[in-house]
Amino acid sequence: MNITTMSRRELLAQINVASNARRRYELADGNRWRDEKYAREAVGAELDALIAEWRKRNLR
1 MNITTMSRRE LLAQINVASN ARRRYELADG NRWRDEKYAR EAVGAELDAL IAEWRKRNLR
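Residue numbers (my numbering): 1 to 60.
Quick look at the structure:
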């Protein structure tokens, strides 16, 4: 589903999921997760996009 068509509830849920995933990567041992660098960056980018959409909707 496209983030621009998500309901507010769905958008908040996705923000929560992405935020939790990013937190897990940040707390993990660096050596263990070094191969997960791209996944960690993707989670961060997804979270940034979701938050940007949330802010855009709340400024209207």
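Think of the CB as a built atom: it goes at the ideal place given N, C-alpha and C, for glycine as much as any other residue.
- Assignment of LEU27 by DSSP, reduced to helix, strand and coil, places it in the helix class.
- Put simply, the backbone Cα of ARG55 is about 14 Å away from that of GLU46.
- Contact check for GLU41 against ILE3 fails: the beta carbons are separated by 7 Å or more.
- By the Cβ neighbour-count rule, ALA39 is exposed, with fewer than 16 other Cβ atoms within 10 Å of its own.
- Counting of Cβ neighbours within 10 angstroms places ALA18 among the buried residues, the total reaching 16 or more.
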